[in-house]
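Below: the structure, in structure tokens.
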RNA sequence: GCGCCUGUAGCUCAGCUGGAUAGAGCAACGGACUUCUAAUCCGUAGGUCGCAGGUUCGAAUCCUGCCAGGCGUACCA
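Numbering (my numbering), first residue to last: 26 to 581.
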């Protein structure tokens with residue numbers, strides 16, 4: 026990456042200044058390199074480092090900038106011009122040949138272009154979705170799924186070793202309620218007049234499951250004792266629902282390395298173990314018949330119950346066991362992706378990590394804000410309790426996987442998402458997904474045309490890239506070379522929306538170029554140069570879409 | 001009450017570890033298909049960055065207060 030070279034060169038120059046000008050710096054500051062908006066005026070790259078040094082070096086930012094510039098080693102021939110600008114920016118103009126050389130990089134790395142070894146093979150676990158198996162996934166889960174999956178893909182691209190995990194809450198109250206709900210529907214189907222309480226799960230899928238069980242088991246279950254029957258219904262319902270969730274996720278192109286069962290934590294006595302451990306650390310006590318953890322000692326607002334008065338464990342108790350298990354699996358970083366409605370849970374989880382003796386640096390929670398659905402101007406209300414939610418599978422059926430993923434990923438996870446079904450479904454210019462995919466399809470079409478006319482054969486080493494001297498062409502190449510930076514930034518900030526924004530920009534540059542110039546012409550050398558560049562665009566579009574889990578179609 | 005998130009163009013949102021004239025998409029308006037896909041392009045217009053103070057050479061960005069919306073504040077998950 027050109028930025029790395031620049032960063033190194035600047036650091037060396039500052040070092041020289043420390044020696045030659047005896048600047049009082051104990052260390053080289055972090056050198057931020059940005060791509061200014063107006064690159065014709067402000068350069069291809071810019072750094073505000075001189076301005077950040079004013080207090081330490083005790084000079085005006087512009088003067089500092091001049092010193093750095095005059096000590097800059099410019100032998101590397103990538104810098105065409107460097108100047109001090111504005112309040113003290115150092116602006117770099119890069120030679121066109123440097124940009125064009127990036128084309129060779131794109132070709133040699135091809136589907137790997139954009140990837141790096143930044144993560145150095147460190148182990149990272151991403152846990153996401155983890156919806157209770159008490160009902161089908163809804164759009165909110167869909168957003169978490171898309172974001173978790175793309176964060177995993179992105180981290181993998183920059184060299185982390187990634188494991189994706191789904192935590193199944195298959196014990197506890199809500200499982201009882203699930204079993205009871207299907208059981209009651211089952212009895213109703215058999216003609217028994219039983220009341221269906223409000224706290225039961227109301228959704229139609231409960232009736233569906235009851236119907237299926239009735240079909241398979243007949244009326245044999247009604248004869249069994251209620252407890253035995255409900256236990257059967259609990260297991261079978263959870264299984265069916267979980268299978269449904271798995272199949273929805275597959276349709277959504279989300280795959281997990283591990284499905285972790287909460288129940289297994291109890292079966293393997295891991296909850297017991299961790300409670301004992303906390304007990305030994307003397308951060309557990311009894312009060313009002315319940316067992317509490319002194320989480321307030323570790324930054325939580327108050328202490329939390331681990332075992333309720335009725336003897337049942339809280340969700341928090343198994344969560345402690347679960348996260349202890351995660352840490353025991355040698356992950357360097359554990360990322361949990363939660364719905365923002367769980368944000369109140371963060372302090373107690375961090376407290377728990379402190380209590381177990383781990384550093385908070387190993388654990389990171391990403392909160393995904395809720396999704397509100399619209400159909401044009403009509404707002405669709407959603408509420409899980411009443412069973413009136415829009416299922417992820419419905420959205421997938423209506424708008425397709427690509428559009429759904431793109432919409433979920435195109436906003437920062439921290440901002441509320443307005444999902445317009447009408448817009449996502451449209452095959453028209455308003456729809457950003459098709460805009461990007463169309464650029465890819467268009468390039469494929471050009472390549473097909475080139476093949477048909479027999480001008481497609483070239484070897485990148487022999488192509489005269491200096492023929493790519495239009496401002497539009499250099500802009501496209503500059504944009505292409507930015508891709509690895511975007512991937513890195515996205516991985517570092519764990520923000521997925523940077524990629525759709527980048528794609529939008531690159532697709533725009535290409536569409537605009539395509540409309541203004543011809544790629545295939547009578548000039549064979551120029552044709553090859555332009556085809557090379559166009560193919561570069563295709564490679565990057567495809568790699569970027571791959572990170573989003575979205576198809577790059579050959580035709581549309 | 002307390003805590004977290006949000007408030008930027010008509011709409012949906014970037015920008016938020018302070019920096020160079022505040023950006024994009026869509027919608028609006030006006031144009032472009034005999035030529036590699038018009039699911040495209042070109043042009044125009046659009047803003048007291050919620051409000052009020054403060055810190056600074058410099059604030060959409062940091063601090064304080066207020067207003068508005070969302071979420072959370074369980075021996076629920």
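Glycine residues also receive a C-beta, built at the ideal position from the N, C-alpha and C atoms.
Here the structure is a predicted model, which is why all the values come from computation and not from measurement.
Report, in whole angstroms, the separation of the C-beta atoms of residue i and residue j, which I expect to be a contact under 8 angstroms.
i           : j           : result
residue 205 : residue 225 : 6 angstroms
residue 117 : residue 174 : Their Cβ separation, rounded to whole angstroms, is 37 angstroms, which puts residue 117 and residue 174 out of contact at 8 angstroms.
residue 157 : residue 199 : 6 angstroms
residue 497 : residue 533 : With a Cβ gap of about 11 angstroms, residue 497 and residue 533 do not count as contacting.
residue 341 : residue 331 : 7 angstroms
residue 139 : residue 509 : 5 angstroms
residue 214 : residue 236 : 6 angstroms
residue 291 : residue 196 : 6 angstroms
residue 568 : residue 133 : Actually they are not in contact, since the Cβ atoms of residue 568 and residue 133 sit about 14 angstroms apart, beyond 8 angstroms.
residue 38  : residue 96  : 4 angstroms
residue 502 : residue 581 : Not a contact, Cβ separation roughly 25 angstroms.
residue 207 : residue 234 : 5 angstroms
Bridge partners of residue i, per DSSP?
i           : result
residue 148 : 186
residue 283 : 190
residue 116 : 71 and 108
residue 317 : 310 and 330
residue 393 : 364
residue 404 : 399
residue 153 : Answer is none; residue 153 lacks a bridge partner.
residue 163 : 416
residue 530 : BP columns for residue 530 are empty, so no partner.
residue 388 : 359
residue 55  : Answer by DSSP bridge pairing: none, since residue 55 is not bridged.
residue 338 : 332
If we ignore side chains and look at the alpha-carbon of each, how far apart do residue i and residue j end up?
i           : j           : result
residue 465 : residue 529 : 12 angstroms
residue 78  : residue 94  : 14 angstroms
residue 305 : residue 515 : 42 angstroms
residue 356 : residue 52  : 32 angstroms
residue 358 : residue 29  : 25 angstroms
residue 513 : residue 337 : 45 angstroms
residue 155 : residue 191 : 5 angstroms
residue 442 : residue 394 : 7 angstroms
residue 107 : residue 115 : 7 angstroms
residue 363 : residue 168 : 10 angstroms
residue 113 : residue 40  : 19 angstroms
residue 412 : residue 231 : Annotation note: pLDDT 49 at residue 412 (below 50); position unreliable, no value reported.
residue 410 : residue 161 : Model confidence at residue 410 stands at a pLDDT of 45, short of 50, so the residue's coordinates are unreliable; what they give is reported in the following sentence. Answer to the nearest angstrom: the Cα atoms are 13 angstroms apart.
residue 487 : residue 550 : 10 angstroms
residue 188 : residue 144 : 14 angstroms
residue 307 : residue 313 : 18 angstroms
residue 272 : residue 517 : 31 angstroms
residue 48  : residue 82  : 6 angstroms
residue 209 : residue 254 : 10 angstroms
residue 193 : residue 176 : 21 angstroms
residue 147 : residue 184 : 8 angstroms
residue 403 : residue 455 : 18 angstroms
residue 419 : residue 458 : 19 angstroms
residue 373 : residue 316 : 16 angstroms
residue 270 : residue 572 : 22 angstroms
residue 320 : residue 392 : 21 angstroms
residue 238 : residue 251 : 16 angstroms
residue 334 : residue 296 : 17 angstroms
residue 282 : residue 475 : 42 angstroms
residue 166 : residue 222 : 26 angstroms
residue 130 : residue 163 : 42 angstroms
residue 544 : residue 110 : 37 angstroms
Which residue marks the beginning of the beta strand (DSSP E) containing residue i, and which one marks its end?
i           : result
residue 501 : That residue, residue 501, is in no beta strand (DSSP E); its alpha helix (DSSP H) goes 496 to 518.
residue 442 : 442 to 445
Considering just the uninterrupted stretch of the alpha helix (DSSP H) at residue i, what are its terminal residues?
i           : result
residue 33  : 27 to 45
residue 550 : 549 to 573
residue 432 : 426 to 434
residue 462 : 457 to 477
residue 123 : 121 to 134
residue 377 : 371 to 380
residue 305 : 295 to 305
residue 88  : 86 to 95
Using a threshold of 7 angstroms, is the CB atom of residue i nearer than that to any non-hydrogen atom of the ligand ADP?
i          : result
residue 78 : This structure does not include the ligand ADP; it has no bound ligands of any sort.
Quiz item: Counting only runs that start and end within the segment 165 to 252, where is the beta strand (DSSP E) found for 3 or more residues in a row?
Solution: 186 to 193
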